[in-house]
Each structure stands twice: as C-alpha cells, then as structure tokens.
Amino acid sequence: DTEVTQTPKHLVMGMTNKKSLKCEQHMGHRAMYWYKQKAKKPPELMFVYSYEKLSINESVPSRFSPECPNSSLLNLHLHALQPEDSALYLCASSPRWWNGDEQFFGPGTRLTVL
Amino acid sequence: AQSVTQLGSHVSVSEGALVLLRCNYSSSVPPYLFWYVQYPNQGLQLLLKYTTGATLVKGINGFEAEFKKSETSFHLTKPSAHMSDAAEYFCAVSDKETSGSRLTFGEGTQLTVNP
Chain A
700 DTEVTQTPKH
710 LVMGMTNKKS
720 LKCEQHMGHR
730 AMYWYKQKAK
740 KPPELMFVYS
750 YEKLSINESV
760 PSRFSPECPN
770 SSLLNLHLHA
780 LQPEDSALYL
790 CASSPRWWNG
800 DEQFFGPGTR
810 LTVL
Chain B
117 AQSVTQLGSH
127 VSVSEGALVL
137 LRCNYSSSVP
147 PYLFWYVQYP
157 NQGLQLLLKY
167 TTGATLVKGI
177 NGFEAEFKKS
187 ETSFHLTKPS
197 AHMSDAAEYF
207 CAVSDKETSG
217 SRLTFGEGTQ
227 LTVNP
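So the sequence lines, in the order shown, correspond to chains A and B. Start counting the first sequence at 700; every next residue gets the next number (the working numbering). Start counting the second sequence at 117; every next residue gets the next number (the working numbering).
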C-alpha cells in the first residue's frame with residue numbers, strides 16, 4: 700500500500716459545527732503533516748507529527764486541533780470555524796522527519812464553511 | 117529563511133514542444149530541492165528531487181531537472197509536452213541546516229498544453 704488516504708473528500712459545515720478530518724497511511728512512515736491550500740496558492744504547513752509527537756505547530760488557531768492516535772493515523776478536529784477557513788486540506792507523510800525525504804500527499808478534503 | 121521563486125505563474129506550450137519551468141532558490145547553502153505536480157482536485161505528486169550526487173535528475177513522466185549551484189536554480193524540463201502534462205507545478209525546497217522536514221513551496225506555475 701503506497702498511498703495516503705483522506706476522508707471525507709468533501710465537507711460542508713456551519714460555523715458552530717464540530718467535525719473531523721481523517722488521514723491514514725500504511726507505508727510505515729513516521730512523520731505526518733497537515734497542510735492548508737487555498738485556490739491558486741501553494742500548500743501552507745499547519746502541523747507536523749514525528750513519531751506520534753507534535754513537532755511543529757505553525758501558529759494555527761486553536762479552532763484546529765490535530766491528533767495522532769497511532770503511527771498510521773492523523774486526525775484534524777475542527778470547531779467553530781470561519782468562512783475564511785474554507786480550503787483544501789492536505790495530509791502528507793514521509794518515511795522519517797528528515798529534510799531530504801519525499802512527502803507523499805493524500806488527495807485532500809475540500810472544506811466549505813458556511 | 118528559505119525562499120523559492122518560480123518565474124512565470126502561467127506557461128503555455130504546444131503539444132510536442134519543449135517544456136521549461138523555472139525555479140530559483142535563495143540561500144547560501146543549497147537546500148534539498150523538489151518538484152511536485154498537482155492535477156485539478158488532487159493532492160501533490162513528486163516528480164523528482166535532488167539531495168546529492170549527479171546534478172541532472174530524472175523523474176517520472178519524462179521530466180528532468182538540473183541543479184546549478186552557480187545559478188541557484190533547479191529548472192524543470194521535458195523535451196516534448198503531452199496534453200496530460202497540463203497541471204500546476206510547484207518547486208519546493210527543504211533547508212539542510214534545520215532539523216526535520218519543512219517544505220517551502222514556490223507560488224506555482226500553471227502549465228497549459230495546446231493541441
């Protein structure tokens with residue numbers, strides 16, 4: 700299995716809702732990432748987990764809450780989002796948390812906040 | 117801090133023509149270098165990367181890139197464009213002098229291939 704899967708593919712939520720995004724990989728990778736991508740822009744790093752520990756939080760608002768229950772799974776919990784949070788949320792993984800490693804990206808979750 | 121410049125937010129070529137997408141980085145210590153492609157409504161896929169060794173790197177789908185330290189460049193080329201190459205291309209760098217993997221992406225180049 701050489702892919703990163705993300706669910707759901709699309710999500711529409713109101714500003715008072717609580718929802719979660721899920722990411723899974725079975726490649727034995729030990730680093731996992733969340734990115735936010737707005738239309739016509741490059742991905743922006745949000746969080747990095749290395750060996751199931753949070754290694755980077757790029758000053759992301761607390762309405763986004765990451766969780767790494769085990770080495771294969773990464774969640775992003777969403778609460779009280781704003782319309783400007785609407786974007787494509789990409790998950791990625793890499794074999795190690797090493798700057799020469801390739802990151803493998805999932806297909807993303809398209810989030811719309813009403 | 118690292119920065120990456122991709123010259124040309126839009127590049128248009130004819131089918132069968134040479135593809136050249138430009139990428140320049142700004143750091144005194146050459147970083148690790150990557151090219152990713154993104155098709156509409158999909159995630160990013162690695163085309164190729166340079167970490168060490170031979171400066172001409174071959175990737176998937178007939179793409180290649182050459183690391184030129186003197187020019188701080190890592191331009192992406194393909195001898196003959198196919199319609200299926202139409203996509204967004206991102207150059208990315210990772211700083212060798214910091215621990216861990218943190219990609220800095222360029223703004224992207226949208227490649228259009230005309231029949």
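Built from N, CA and C at the ideal position, the CB exists for glycine as well.
**Prompt:** So, using beta-carbon positions, are Leu780(A) and Pro765(A) closer together than 8 Å?
**Reply:** no
**Within chain A, partners of Asp211(B) - CB distance below 8 Å** = Asn798
**Prompt:** Do Gly216(B) and Trp796(A) have their CB atoms nearer than 8 Å?
**Reply:** yes
**Asked** Under the three-state reduction of DSSP, which class applies to Met199(B): helix, strand or coil?
**Response** helix
**Message:** For the segment 187 to 204 of chain B against the segment 798 to 809 of chain A, do three or more pairs of beta-carbon atoms, one drawn from each stretch, fall closer than 8 Å, so that the two count as touching?
**Reply:** no
**Prompt:** By DSSP, does Lys185(B) sit in helix, in strand, or in coil?
**Reply:** helix
**Prompt:** Touching or not, the segment 709 to 725 of chain A and the segment 172 to 191 of chain B, by the rule of three or more beta carbon pairs under 8 Å?
**Reply:** no
**Message:** Determine whether the beta carbon atoms of Val703(A) and Ala730(A) lie at a separation below 8 Å.
**Reply:** no
**Item:** Cβ-Cβ separation, Leu720(A) to Leu777(A) (assumed contact under 8 Å), whole Å
**Value:** 7 Å
**Prompt:** Could one say the Cβ of Phe225(B) lies closer than 8 Å to chain A's Cβ atoms, at least one of them?
**Reply:** Note that residue 225(B) corresponds to Thr in the displayed sequence, not to Phe. With 8 Å as the cut-off, Thr225(B) does not count as an interface residue toward chain A.
**Request:** Could you tell me the distance, in whole angstroms, from the CA atom of Tyr732(A) to the CA atom of Ser130(B)?
**Result:** 37 Å
**Chain-ordered neighbours of Phe221(B) on chain A, where CB pairs are closer than 7 Å** = Pro741, Pro742
**Request:** Step through the CB atoms of chain B and report whether any lies within less than 8 Å of the CB of Ser754(A).
**Result:** yes
**Asked** Can you name the residues of chain B whose CB is closer than 9 Å to the CB of Pro806(A)?
**Response** Asn157, Gln158, Gly159
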